[in-house]
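2 protein chains.
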Amino acid sequence: MFLDQTYLFTPGPTPIPNRVNAAMAQPMIGHRSPDFSVLIEDVANRLKPVFGTKHPVLALTSSGTSALEAAVVNTVSEGEDAVVIVAGSFGDRLATIAENYGVNVHRLNIEWGKSCTPEQLEAFLDGLASTSVKAVFATFNETSTGVLNPIGALGEVVARKSDALFVVDGVSCIGGVPVDMEKDHIDILVTSSQKALMLPPGLAFVAFSDRGLKAIRECPAKRFYLDLNRYVKAYEEQKSTPFTPAVSLIAGAKEVCSMIEEEGWENVIKRHYLLRDMLRAGIRELGLPLLTSDEDASPTVTAVKSGNIPAPDIQKALKKDFAITIAGGQKDLKGKIFRIGHMGYCTPFDILKVLTALELTLAKFGEEPKLGAAVKKAEEVWVQHV
Amino acid sequence: MFLDQTYLFTPGPTPIPNRVNAAMAQPMIGHRSPDFSVLIEDVANRLKPVFGTKHPVLALTSSGTSALEAAVVNTVSEGEDAVVIVAGSFGDRLATIAENYGVNVHRLNIEWGKSCTPEQLEAFLDGLASTSVKAVFATFNETSTGVLNPIGALGEVVARKSDALFVVDGVSCIGGVPVDMEKDHIDILVTSSQKALMLPPGLAFVAFSDRGLKAIRECPAKRFYLDLNRYVKAYEEQKSTPFTPAVSLIAGAKEVCSMIEEEGWENVIKRHYLLRDMLRAGIRELGLPLLTSDEDASPTVTAVKSGNIPAPDIQKALKKDFAITIAGGQKDLKGKIFRIGHMGYCTPFDILKVLTALELTLAKFGEEPKLGAAVKKAEEVWVQHV
Chain A
12 MFLDQTYLFT PGPTPIPNRV NAAMAQPMIG HRSPDFSVLI EDVANRLKPV FGTKHPVLAL
72 TSSGTSALEA AVVNTVSEGE DAVVIVAGSF GDRLATIAEN YGVNVHRLNI EWGKSCTPEQ
132 LEAFLDGLAS TSVKAVFATF NETSTGVLNP IGALGEVVAR KSDALFVVDG VSCIGGVPVD
192 MEKDHIDILV TSSQKALMLP PGLAFVAFSD RGLKAIRECP AKRFYLDLNR YVKAYEEQKS
252 TPFTPAVSLI AGAKEVCSMI EEEGWENVIK RHYLLRDMLR AGIRELGLPL LTSDEDASPT
312 VTAVKSGNIP APDIQKALKK DFAITIAGGQ KDLKGKIFRI GHMGYCTPFD ILKVLTALEL
372 TLAKFGEEPK LGAAVKKAEE VWVQHV
Chain B
12 MFLDQTYLFT PGPTPIPNRV NAAMAQPMIG HRSPDFSVLI EDVANRLKPV FGTKHPVLAL
72 TSSGTSALEA AVVNTVSEGE DAVVIVAGSF GDRLATIAEN YGVNVHRLNI EWGKSCTPEQ
132 LEAFLDGLAS TSVKAVFATF NETSTGVLNP IGALGEVVAR KSDALFVVDG VSCIGGVPVD
192 MEKDHIDILV TSSQKALMLP PGLAFVAFSD RGLKAIRECP AKRFYLDLNR YVKAYEEQKS
252 TPFTPAVSLI AGAKEVCSMI EEEGWENVIK RHYLLRDMLR AGIRELGLPL LTSDEDASPT
312 VTAVKSGNIP APDIQKALKK DFAITIAGGQ KDLKGKIFRI GHMGYCTPFD ILKVLTALEL
372 TLAKFGEEPK LGAAVKKAEE VWVQHV
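Residue numbers (the working numbering), protein chains in the order written: chain A, 12 to 397; chain B, 12 to 397.
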C-alpha cells in the first residue's frame with residue numbers, strides 16, 4: 012500500500028497536522044526580530060488555558076527530560092530534601108535526576124499501574140514530619156503505565172500538610188486534560204511539544220505560580236541553559252528567549268493554539284476522554300486485559316497486558332501488517348504490555364483504525380474471530396457523544 | 012510586494028531550503044523505532060566529513076548555548092582550571108558558563124574584531140606553566156565580530172605546550188569551513204543546526220576525538236540532559252538517543268547531508284569563501300569600513316562598521332524597504348556595527364541582493380550614489396570562480 016500511510020500511536024511523538032507542518036515551513040525569521048517577539052508573546056498567552064495558569068507559558072528548546080531537569084534544578088539544591096512520587100518509569104526518571112544533583116530524595120513508591128492516592132501521599136508526608144521537604148514532585152500522567160494521577164487531590168495534600176513546592180511533570184497529558192494550577196496548588200508545571208500539543212519533539216514548556224516563580228528566583232542550584240530565571244527575564248524584558256529558540260516549532264505552536272481555540276478547549280478535553288473510553292471498551296470486547304482501573308485510566312495513553320498472545324508479538328504484527336506503530340512496556344513492564352497513545356491529533360476514527368487492526372491481528376494469531384466487535388463497542392461509546 | 016519574500020541574512024537562524032522543509036514535514040516516526048535508528052545512524056555518519064572526524068556525530072535536542080554548556084560540563088569540573096579565549100561575546104559566554112559551574116577560568120582576552128594568534132595563546136599558556144590546565148576553550152568563528160580564529164594553529168599550541176583538552180565552539184562556521192579534528196588537535200567540537208547546516212534552530216551537534224571521549228567518560232561534573240555519556244551509550248548500543256530527539260529536525264539533517272554531498276563538500280567550503288570575498292569587495296566599494304582584516308575574516312559572517320550613517324539606521328532601512336534582516340552589534344559593539352550572515356543556504360545571487368539593497372539605501376541616506384558599483388566589484392570576484 013502507500014508507504015507514506017503510516018499510523019503513529021505511540022505516547023509521543025504523535026502525528027503532526029498538515030497545517031502545523033505548513034506553519035513550520037514558513038520562511039525562517041530571526042529570533043531577535045520584532046516578528047519573533049510578537050510570535051512568542053502570542054504563544055505564551057494563548058497557551059495559558061491549556062496549562063491552567065494566569066502567567067505566560069515559557070518555551071525551552073529541548074525535549075521533555077530537560078523540562079524535568081529544569082523543574083528540579085530550579086527548585087531544589089544539593090542537600091535539600093524532596094519527595095518524588097514514583098509510580099512508573101517517568102517518576103523514576105524525575106527521582107534519578109534529583110538524586111544526580113545530590114538532592115535527598117524520598118521516593119514514595121507506588122505499584123506500577125496504579126495511581127498515587129491522596130491518602131498515600133498524606134501518610135508519607137506524615138512520616139517525614141520532622142524533615143523540611145522543599146518540594147514534592149509528581150508525574151501527572153505516568154506514560155509508562157497509562158495512569159493519570161489525581162493531581163488536584165495530591166496538590167491539596169501538599170498544600171495542607173507542608174510548605175513544600177508542588178512540582179508537576181505534565182509531559183504526556185497537558186493539552187488533553189483539565190488543569191488549574193491555582194486550584195490544584197501546582198507551583199511548576201512542565202510538558203513537552205510532541206505529546207498532546209501536536210508538535211514535533213524539540214520544545215519544552217514551563218508554567219509557574221507566583222510561588223513557583225519566587226522559588227525559581229531564589230534557587231541557588233547551578234545551571235545555565237536550564238536556568239528558568241533567564242527565560243523569565245528575557246520574556247519579561249524583551250518578549251524574547253535567552254538562547255536561540257526552535258523558531259519553526261514555535262511557529263507551529265501558534266498554529267496549534269489556533270486549532271485548540273477552533274475546536275474549543277473544553278471540547279479538546281472531552282475528545283481525549285472519548286478516545287480513551289472508546290479504546291477501553293473495544294479492548295475489553297477483545298478480551299485483552301487492561302493494566303489500569305477505570306478510575307486511574309489516562310485520557311492520553313492506554314496500557315494493555317498480554318493475553319494469550321505476547322504483547323510484543325501484537326506490537327510487531329501491527330507494524331508489519333498495518334504500518335501502525337504502538338509502544339511496548341518499559342523496565343519492569345517490558346514484554347508484558349503494549350501501550351497505545353491517543354493524544355493530540357487523534358480522532359475517534361483513529362481509535363476505530365487501531366481496534367480494527369487489533370481485531371484482524373488476533374484473528375491472524377488464531378484467536379476466535381471478533382471482526383467488527385471491538386469497533387461496535389467503541390461506536391456505542393461514540394454515539395453518546397455525537 | 013510579496014509578504015513572503017523576506018530575506019534572512021542574520022548569522023543564524025538562516026534560510027531553510029524547501030526540500031529540507033519537505034523532509035521535515037514527512038509523517039512523524041517514533042523515536043524508538045527501527046526507522047529512527049536508520050535515520051540517526053545515517054546522519055551521524057554522513058556528517059563526519061563536515062566535522063572532520065572519524066567518529067559518528069551526535070545530535071542533542073537543544074540550541075547552541077546548550078552545546079557550549081555540554082562542552083563545559085563534560086570536560087571540566089568545579090575547582091579545575093581552564094583557559095577560555097575571549098575575543099567576542101560568544102567567547103565571553105563560554106567563559107561565563109564555565110565560571111557559573113565553579114571552574115577556575117583564565118580568560119585570554121583578545122581585542123574584539125581581531126583573531127587570537129598562536130603566539131598570544133602560547134605566551135598565555137607559558138604564564139600558566141605552574142597551573143594544571145584541564146582544557147582550553149576556543150571559539151572557532153566569533154559570530155559577534157566575524158572573526159575566524161586560526162583553529163589549527165591554536166590547536167597545535169595547545170598540544171605542544173600542555174596536556175589540556177582542546178574544546179572548540181564551532182557554532183557559526185561548521186558546515187562552511189574546512190576542519191580536521193585530528194590534525195587540528197580538537198577533542199570536542201560542537202555546533203548548532205541553524206547556521207551553516209541549513210536547518211531550523213533546535214539541534215546541537217557534538218563531535219569528539221578518542222581523547223575527548225575518554226574525558227567525557229571520566230568527567231565527574233554533575234549533569235543529566237547534557238551528559239554526553241548518555242548520548243554516546245545510546246548511540247553505540249542502540250543507534251538511538253537517550254531522550255526524545257527532535258525527530259523532524261533530524262529528518263531535515265538527512266536531507267542537508269544529501270545537499271552537501273550533491274554540491275560536494277569541497278565546493279560547499281569554496282562557496283562560503285566566495286560569498287565572503289564578494290561581500291567584502293562590494294562593501295569596500297561602498298566606502299563602508301570592515302571590522303576585520305582580510306586575514307581574520309570569517310567565511311560565514313561579515314561585520315561592517317558605521318561610516319557616515321549609523322549602522323542601526325542601515326539595519327532598519329534594509330528591513331523596512333527590502334524585507335532584508337541583518338544583525339546589529341552585541342555588547343561593546345552595539346550600535347557600532349551591522350553584521351551580515353552568509354552561510355548555509357546562501358548563493359552569490361543573495362550577496363548581490365544585499366549589496367544592491369545597500370547601494371540603494373546609501374543613496375537614500377544622501378550618500379554619493381554608487382548604484383551597481385558594489386555589485387560590479389562582487390561580480391569581478393565571482394567571475395574568477397565561474
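We put the CB at the ideal spot given by N, CA and C, even for glycine.
Alpha helix (DSSP H) segment containing residue i, residue limits
i: B:Asn240; result: 239-249
i: B:Val386; result: 384-393
i: A:Arg228; result: 221-229
i: A:Val31; result: 29-35
i: A:Phe47; result: 45-57
i: A:Gly166; result: 162-172
Within chain B, partners of residue i - CB distance below 8 Å
i: A:Tyr246; result: Those within 8 Å of A:Tyr246 in chain B number zero; the least Cβ separation is about 16 Å.
i: A:Thr17; result: Pro38, Ile40
Listed by chain order, chain B residues near residue i by CB distance under 7 Å
i: A:Ile27; result: Met39
i: A:Phe235; result: Glu80, Ile108, Asn111
i: A:Thr150; result: Residues of chain B passing the Cβ test: none, with the nearest at roughly 16 Å.
i: A:Ser44; result: Thr336
Residue nearest to residue i in terms of C-alpha spacing, selected from the options
i: B:Gln131; options: B:Asn120, B:Gly187, B:Gly124; result: B:Asn120
i: B:Ala33; options: B:Thr372, B:Asp332, B:Glu266, B:Val315; result: B:Glu266
i: B:Pro38; options: A:Pro28, A:Gly377, A:His66; result: A:Pro28
i: B:Thr367; options: B:Gly340, B:Gly377, B:Ile335, B:Gly124; result: B:Ile335
i: B:Val68; options: B:Glu52, B:Glu80, B:Thr76; result: B:Glu52
i: B:Ser269; options: B:Leu208, B:Ser155, B:Met192, B:Val84; result: B:Leu208
i: A:Ser173; options: A:Val94, A:Ala389, A:Glu391; result: A:Val94
i: B:Val243; options: B:Leu290, B:Ala226, B:Glu391; result: B:Ala226
i: A:Pro359; options: A:Lys281, A:Glu306, A:Lys330; result: A:Lys281
i: A:Lys347; options: A:Pro321, A:Met354, A:Asn278, A:Phe376; result: A:Pro321
i: B:Lys364; options: B:Ala385, B:Leu136, B:Val392, B:Phe349; result: B:Ala385
i: A:Thr107; options: A:Glu122, A:Glu91, A:Gly124, A:Val83; result: A:Val83
Neighbouring residues, chain A, relative to residue i (Cβ below 7 Å)
i: B:Thr72; result: Ser73, Ser74, Pro212, Gly213
Residue i, DSSP secondary structure in three states
i: A:Tyr284; result: helix
i: B:Ile261; result: helix
i: A:Phe333; result: helix
i: A:Ile362; result: helix
i: A:Ile199; result: strand
i: A:Glu153; result: strand
i: B:Phe254; result: coil
i: A:Ser73; result: strand
i: A:Asp180; result: strand
i: B:Ile325; result: helix
i: A:Lys375; result: helix
i: B:Asp307; result: coil
i: A:Phe216; result: strand
i: A:Ile294; result: helix
i: A:Leu14; result: coil
i: A:Val279; result: helix
i: A:Asp92; result: strand
i: A:Val190; result: coil
Interface residues of chain B facing residue i [CB-CB closer than 9 Å]
i: A:Val258; result: Pro24, Gln205, Pro211, Pro212, Gly213
Residues that residue i contacts on chain A, provided the C-beta gap is smaller than 8 Å
i: B:Thr255; result: Gly23, Pro24, Ser74, Gly75, Thr76, Ser203, Gln205, Pro212
Range of the contiguous beta strand (DSSP E) that encloses residue i
i: A:Val312; result: 312-316
i: B:Gly352; result: 348-352
Cross-chain neighbours of residue i in chain E, by beta carbon under 7 Å
i: A:Ala36; result: This model lacks chain E altogether; the protein chains it does include are A and B.
Residues that residue i contacts on chain A, provided the C-beta gap is smaller than 9 Å
i: B:Thr358; result: The premise fails here: B:Thr358 is roughly 16 Å from chain A at the closest Cβ pair, so nothing lies under 9 Å.
Residue i CB to nearest heavy atom of the ligand SAH below 6 Å
i: A:Lys316; result: The ligand SAH is absent from the structure shown, which contains no ligands of any kind.
Start-end ranges of the alpha helix (DSSP H) lying completely within the region 94-141 of chain B, minimum 4 residues
100-111, 129-138, all fully within the region 94-141 of chain B.
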